[in-house]
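S.K.: In our numbering, the protein residues as written are 379 to 670.
All C-beta atoms, glycine included, are put in the ideal place defined by N, C-alpha and C.
Remember, it's a predicted structure, so these values are computed and weren't measured experimentally.
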Amino acid sequence: MINYHEPLFRPPSEALSLILQITLGCAWNQCAFCEMYSSKQFKIRKEEAIFADIESLSRYADRYRKVFLADGNAMVLSFDKLSRILDQLQTSFPRLTRVSAYALPKDIEAKSDKELQLLAQKGLKLLYVGIESGDDELLHRIHKGENFASTSHALQRARKAGIKLSVMIINGLGGKNYSQQHALESARIINEIQPEFLSTLVLSFPYGEEHFQNKFEGDFIPLNPIELIAEMRIFIEKLELSQSIFRSDHASNYLVLRGNFPRDKQEMLKRIDAVIKDPANARLRLERMRGL
Ligand code: SF4
Numbered sequence: 379m380i381n382y383h384e385p386l387f388r389p390p391s392e393a394l395s396l397i398l399q400i401t402l403g404c405a406w407n408q409c410a411f412c413e414m415y416s417s418k419q420f421k422i423r424k425e426e427a428i429f430a431d432i433e434s435l436s437r438y439a440d441r442y443r444k445v446f447l448a449d450g451n452a453m454v455l456s457f458d459k460l461s462r463i464l465d466q467l468q469t470s471f472p473r474l475t476r477v478s479a480y481a482l483p484k485d486i487e488a489k490s491d492k493e494l495q496l497l498a499q500k501g502l503k504l505l506y507v508g509i510e511s512g513d514d515e516l517l518h519r520i521h522k523g524e525n526f527a528s529t530s531h532a533l534q535r536a537r538k539a540g541i542k543l544s545v546m547i548i549n550g551l552g553g554k555n556y557s558q559q560h561a562l563e564s565a566r567i568i569n570e571i572q573p574e575f576l577s578t579l580v581l582s583f584p585y586g587e588e589h590f591q592n593k594f595e596g597d598f599i600p601l602n603p604i605e606l607i608a609e610m611r612i613f614i615e616k617l618e619l620s621q622s623i624f625r626s627d628h629a630s631n632y633l634v635l636r637g638n639f640p641r642d643k644q645e646m647l648k649r650i651d652a653v654i655k656d657p658a659n660a661r662l663r664l665e666r667m668r669g670l
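(1) I want to know whether the region 432-443 touches the region 386-402 - three or more CB-CB distances under 8 Å.
(2) Exposed or buried, which one is residue 380 when buried takes at least 16 other CB atoms within 10 Å?
(3) Could you pull out every unbroken alpha helix (DSSP H) segment of at least 4 residues lying fully inside the region 495-567, listed in chain order?
(4) Where does residue 599 land, buried or exposed, given buried means 16+ other C-beta within 10 angstroms?
(5) Jot down the residue ranges of each uninterrupted alpha helix (DSSP H) in the region 426-456, minimum 4 residues, whole runs only, in chain order.
(6) Taking all protein chains shown into account, do 16 or more other C-beta atoms lie within 10 angstroms of the C-beta of residue 573, making it buried, or fewer, making it exposed?
(7) Does the distance between the C-beta of residue 467 and the nearest non-hydrogen atom of the ligand SF4 fall short of 7 Å?
(8) Here's the rule I'm using: 16 or more other beta-carbon atoms within 10 Å means buried, otherwise exposed. How should residue 586 be labelled?
(9) Where residue 632 and residue 577 are concerned, what is the direct C-alpha to C-alpha distance, given to the nearest angstrom?
(10) Taking 7 Å as the line, does the beta carbon of residue 482 fall inside it for any heavy atom of the ligand SF4?
(11) Is the beta carbon of residue 496 sitting closer than 8 Å to the one on residue 520?
(12) Roughly how many angstroms lie between the CA atoms of residue 668 and residue 605, to the nearest whole one?
(13) In terms of residues, what are the limits of the alpha helix (DSSP H) holding residue 572?
(14) I'd like to check one pair, residue 579 with residue 541: are the Cβ atoms closer than 8 Å?
(15) Alpha carbons only, please: which of 451, 444 and 439 is nearest the one belonging to residue 422?
(16) In the DSSP output, what is residue 466 paired with across the bridge?
(17) Say yes only if the C-beta of residue 414 is nearer than 7 Å to one or more non-hydrogen atoms of the ligand SF4, and no if none qualify.
(18) Quick check on residue 626: does DSSP put it in helix, strand or coil?
(19) With a CB to CB cut of under 8 Å and the five nearest residues on each side skipped, what residues in its chain are close to residue 468?
(20) Assuming residue 561 and residue 613 form a contact by the criterion Cβ under 8 Å, report the distance between their Cβ atoms to the nearest whole angstrom.
(21) Quick one, are the C-beta atoms of residue 427 and residue 453 less than 8 Å apart?
(22) Please identify the residue among 461, 641 and 486 whose C-alpha is closest to the C-alpha of residue 622.
(23) Can you tell me where the beta strand (DSSP E) with residue 636 in it begins and where it stops?
(24) Give me whichever residues DSSP pairs with residue 649 in a beta bridge.
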């Protein structure tokens with residue numbers, strides 16, 4: 379039995395994974411739109427405590443083949459620490475096929491190519507990265523602490539080392555003023571990185587729009603649902619991906635889109651065009667149609 383430090387988050391695709399908390403909170407914790415870990419002081423857990431959790435969880439070794447390392451950016455750990463944890467997981471979970479974690483580009487950049495390759499060999503197969511936008515101005519305005527170049531460089535290095543990437547872009551992040559540049563630059567960075575998995579969600583305001591406005595550096599004018607979908611159209615139209623699985627099916631999305639690039643790109647654009655042309659008859663999520 380282990381006690382998780384709440385709140386605990388994991389990507390939807392890790393629903394069947396064992397969760398191992400190796401850090402608490404997020405080492406950055408400054409993004410204007412994010413309140414996930416605002417109640418937590420960032421901390422790297424002691425190795426004895428992590429190893430005790432692995433020991434305790436190993437009774438489920440027959441049941442689990444995937445482990446997700448929480449919290450916010452577990453990849454911030456040094457190579458040596460991550461390495462020891464991955465080794466212990468391999469020993470305690472003989473059927474393990476994948477270890478994954480959230481990461482910031484700077485966490486990846488702090489490791490050498492050789493270290494990234496070794497982490498991949500030791501089982502770290504997938505990193506989840508919230509890119510949010512490819513637009514440098516917007517990244518600055520939301521205090522992301524990364525820019526186009528730092529993000530693209532780090533993520534391409536991870537891919538070359540054999541680590542797959544699941545990345546996320548936030549639809550509506552810049553509101554009306556930055557919508558066009560956000561869509562274009564986000565497509566450009568995704569095209570450079572060529573992630574295996576790409577998803578989008580819609581900017582939401584868990585503590586109210588004013589709370590976000592206060593943290594956003596500039597004038598934020600929210601997009602209405604059709605404008606959000608129009609922004610997605612620009613983004614998707616500009617994507618040139620050789621092999622990526624795309625999901626825009628988070629609860630925040632008005633229009634659910636799923637497909638594989640490049641195969642389903644035109645079909646998705648057709649669906650978007652149909653919604654923009656005739657919103658009243660579009661099959662948008664009923665619970666999210668307020669404001670149409
Ligand atoms: S880096 Fe991720 S978890 Fe941390 S504040 Fe930004 S969005 Fe939230």
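M.R.: Per the coordinate set shown:
(1) Contact holds: three or more Cβ-Cβ distances are below 8 Å.
(2) By the 10 Å Cβ count, residue 380 comes out exposed.
(3) The alpha helix (DSSP H) runs of length 4 or more contained entirely in the region 495-567 are, from start to end of the chain, 514-519 and 526-538.
(4) Residue 599 counts as exposed, since fewer than 16 other C-beta atoms from the protein chains shown sit within 10 angstroms of its C-beta.
(5) Segments of the alpha helix (DSSP H) lying fully in the region 426-456: there are none.
(6) Buried is the call here.
(7) Answer for residue 467: no, Cβ out of range of the ligand SF4.
(8) Exposed: under 16 other Cβ atoms inside 10 Å.
(9) Going by the C-alpha atoms only, they are around 14 Å apart.
(10) Flag set: Cβ of residue 482 near the ligand SF4.
(11) Cβ distance not < 8 Å, so residue 496 and residue 520 don't count as in contact.
(12) Only weak support is given to the placement of residue 668: the predicted model assigns it a pLDDT of 42, under 50, and the value that follows is read from those uncertain coordinates. If I take the Cα positions, the gap works out to 14 Å.
(13) No alpha helix (DSSP H) contains residue 572, which DSSP labels as neither H nor E.
(14) Result no, Cβ atoms of residue 541 and residue 579 do not sit closer than 8 Å.
(15) Closest in C-alpha terms to residue 422, from the list 451, 444 and 439, comes 451.
(16) In DSSP, residue 466 forms no bridge with anything.
(17) Answer for residue 414: yes, Cβ within range of the ligand SF4.
(18) Residue 626 falls in the strand class under three-state DSSP.
(19) Within the same chain, residue 468 has close Cβ partners 474, 500 and 501.
(20) Indeed they touch by this definition, with Cβ atoms about 4 Å apart.
(21) No; because the gap between Cβ atoms is not below 8 Å, this pair is not in contact.
(22) It is 641.
(23) Element bounds for residue 636: 635-639.
(24) Bridge pairing for residue 649: absent [DSSP].
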